[in-house]
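S.K.:
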Amino acid sequence: MSVANAILLFTMIWFLVFFVALAMPFRTQGEAGDVVPGTPSSAPSKVNLGRRARFTTAVAVVLFACAWAVIELGLIHGPSLEDVPMAPELPAAASGG
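The opening position of the sequence shown corresponds to residue 100 in our numbering, with each subsequent residue numbered one higher.
1. Using CA coordinates, which residue listed in 183, 178, 148, 165 is at the minimum distance from residue 120?
2. I'd like to know whether the C-beta atoms of residue 159 and residue 109 end up nearer to each other than 9 angstroms.
3. Straight-line CA distance for residue 190 to residue 183?
4. In angstroms with no decimal places, state the Cα-to-Cα distance between residue 155 and residue 116.
5. Closer than 8 angstroms is the cut-off here; do at least three beta carbon pairs connect the region 123–136 with the region 172–182?
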């Protein structure tokens, strides 16, 4: 796996985990009893994105390590492009001129 592929894979895993972490349970302003004027009571009282980003990074590192091992060590064997039959080579057309 090239460095560019590794960075791309890690970034995709990180954002996927981050979006899942954003949906994790949080305390609403209505539950905290401190509703800011102009916001709905279902808005989160404390977002704490730094904590969620650290959690996301830790989980993404573990998932990336698993994905890297599967890809680089060939832990899962399956069909590849070499197994797909391609069109046969056609003979070159004779130039009749």
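Ideal Cβ placement from N, Cα and C applies to all residues, glycine included.
M.R.: According to the data block:
1. Taking the Cα of residue 120 as reference, the smallest distance to any Cα among 183, 178, 148, 165 is reached at 148.
2. yes
3. 21 angstroms
4. When rounded, the distance between both Cα atoms is 6 angstroms.
5. At 8 angstroms Cβ cutoff, the stretches do not touch.
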